[in-house]
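*Asks:* Have a look at the structure that comes next, please.
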Amino acid sequence: MDILEVSLDQIVWDLENRFHPDITSLKENIQQVGLLTPLYVVGPDKQGKYYLIDGFRRYTALKEITLYNQKSKIVKVLRLKEIVGTKLERETLRFHLHNTSKRIIGAEIQNAIETIQEAGHYSDEEVIEVVQPKPSQIKRMKKAREIDKSLRDEVAAKRASQHSLGVIYNMSIPAKQFSRLYDLLLDRKLTGTDGDALNKLDKHPLFQELTDVQKSRSINKTLQQARFTNKEAELIILSEIMKEAPNDYMDNSWHWINYLTSSLTEISSYIHPDIELSATNLQKQQFRTALLNLNNLLDWTWNHNYKENRSGDESNKSFLNLDLTSEETQTGYKFRFH
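Numbering (the working numbering), first residue to last: 25 to 362.
Next up, the structure:
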């Protein structure tokens, strides 16, 4: 390898383009401090052309800079070797360079493998032998073929998660639900973490038993729980504080009580009357104990006047205090009003 100075017009780029060549900040940096990292090339050929192997974003930025201000087009390049070789050989060289020395997005690695395979007419086994990808890349390569390439390219252009695309693409969900998740993915609001959570949901054998409406609700709940948010952090802290000294944190009590009421409401919505047929005696006892504890803790909610507001000629009605006690019996759990 040796460092040369060549004209930008002598450099040729004929390989696969980067998906997301955002060069705005790069151009500003080059204009301020110059080109710090040389372009990687091979050549020259008989026409004096050098073929770019690495540095596509820098190359694009330099071309735009010289287009507008006509600065010197002489740039530093690092020549990897003199032999130009075939396009297939250059693409393979570029893949090895990227795969071992720098981080690029998975979609670009996948695209490079597919380009090499197509140009060389390689079988899966042959392309693996030529490019020697990592085991995880082989697995990703095989899965990616199941997905429409136009979708993969669109997601790659947004630098969104290819893993999540693979998950939602293979989920047995209605087209409308897929479109909603795909839009979230393009907006980068569906991350790899979300993809992992959805994958676990989809792999559960009972997921296929759900109706489309139930699947939609399950997906929404999964996405809500997939990531640890500030709200979850607050609830964990409040759960400790409110168990010990709620009166010392009255400013936070409104949020905590709202959480408790919504949680109880949600739990009650899960209970179908027919669940009784499947409950064991031990589980029934556990239900009774939980209800007894809950009733004792919330007994204060029954010891207040209740008013029913009505319009027109009807006046407000004040209800008497309701004194509710609980009684555990042989057959179950009963409430008694006095």
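Where is the CB? At the ideal position from N, CA and C, for every residue including glycine.
Along the chain, where does the beta strand (DSSP E) containing R103 start, and where does it finish?
*Replies:* 98–105
*Asks:* Just grab the DSSP bridge partners of L205 for me.
*Replies:* Answer is none; L205 lacks a bridge partner.
*Asks:* Assuming the contact rule is C-beta atoms closer than 8 Å, L102 and L32 should be a hit. Round their C-beta distance to whole Å, please.
*Replies:* A Cβ-Cβ separation of about 15 Å leaves L102 out of contact with L32 under the 8 Å criterion.
*Asks:* Which class does V36 belong to by DSSP, given the choice of helix, strand or coil?
*Replies:* strand
*Asks:* Report buried or exposed for K182, applying the criterion of at least 16 other Cβ atoms within 10 angstroms of its Cβ.
*Replies:* Around the Cβ of K182, a 10 Å sphere holds fewer than 16 other Cβ atoms; the residue is exposed.
*Asks:* Are the CB atoms of V66 and V99 nearer to each other than 8 Å?
*Replies:* no
*Asks:* Residues bridged to L315 by DSSP?
*Replies:* BP columns for L315 are empty, so no partner.
*Asks:* Near K73, what residues of its chain come up, given a Cβ to Cβ distance below 7 Å and the 5 sequence neighbours on each side ignored?
*Replies:* Taken in chain order, the residues that qualify are Q34, V36, G67.
*Asks:* Evaluate N333 with the Cβ neighbour count: other Cβ atoms within 10 Å of its Cβ, from every protein chain shown; 16 or more gives buried, anything less gives exposed.
*Replies:* At N333 the pLDDT is 44, less than 50, meaning the model places this residue with poor confidence; the figure from the coordinates comes in the next sentence. Result: exposed.
*Asks:* Can you have a look at T116 and say buried or exposed, based on whether 16 or more other CB atoms are within 10 angstroms of its CB?
*Replies:* buried
*Asks:* Of the choices T90, Q71, D38, whose alpha-carbon is the least far from that of G420?
*Replies:* The shown model of the chain, from 25 to 362, leaves out residue 420, and the question about it has no answer.
*Asks:* Closest to G216 by CA distance: which of E106, I192, P198, K239 is it?
*Replies:* Answer by Cα proximity: I192.
*Asks:* Grouping DSSP H, G and I as helix and E and B as strand, with all else coil, what is E170?
*Replies:* In the three-state reduction of the DSSP assignment, E170 falls in the coil class.
*Asks:* Per DSSP, what kind of secondary structure is Y273 in: helix, strand or coil?
*Replies:* In the structure shown, Y273 adopts helical secondary structure according to DSSP, grouped into three states.
*Asks:* When you compare the CB positions of M195 and D172, do they come within less than 8 Å of one another, or not?
*Replies:* no
*Asks:* Taking buried to mean at least 16 other C-beta atoms within 10 Å of its own C-beta, is S335 buried or exposed?
*Replies:* The pLDDT assigned to S335 is 43, lower than 50, so where the model puts this residue is not dependable; a value taken from the coordinates is nonetheless given after this. Classification for S335: exposed.
*Asks:* Using alpha carbons as the reference points, say which of I260, Q307, E300, L208 lies closest to L284.
*Replies:* I260
*Asks:* Let's see if you can read the secondary structure: which residues bound the beta strand (DSSP E) around L234?
*Replies:* Taken as a continuous stretch (DSSP letters only), L234 belongs to no beta strand (DSSP E), as it is neither H nor E.
*Asks:* Three Cβ pairs or more, each shorter than 8 Å: is that satisfied between the segment 272–288 and the segment 231–248?
*Replies:* no
*Asks:* What residues in its chain sit with their C-beta under 7 Å from that of P198, if we drop five residues either side in the sequence?
*Replies:* D236
*Asks:* Take D298 and list the residues in its own chain whose beta-carbon comes closer than 6 Å to its own, dropping the five residues that flank it on each side.
*Replies:* Nothing listed; no residue qualifies.
*Asks:* Give the straight-line distance between the Cα atoms of H296 and E290, rounded to the nearest whole angstrom.
*Replies:* Cα-Cα distance, rounded: 12 Å.
*Asks:* Measure from the alpha carbon of L222 to the alpha carbon of each residue in D211, R82, K245, E233, then state which is nearest.
*Replies:* K245
*Asks:* Give the secondary structure of D211 by DSSP, where H, G and I count as helix, E and B as strand, and everything else as coil.
*Replies:* Reduced to three states, the DSSP call for D211 is coil.
*Asks:* How many Å lie between T39 and D207 at the Cα?
*Replies:* The sequence shown places Leu at residue 39, not Thr. Looking at the backbone, the Cα of L39 and that of D207 are separated by about 30 Å.
*Asks:* What does the alpha-carbon distance come out to for the pair H145 and L50?
*Replies:* Their Cα atoms are separated by approximately 37 Å.
*Asks:* So, using beta-carbon positions, are I140 and R114 closer together than 8 Å?
*Replies:* no
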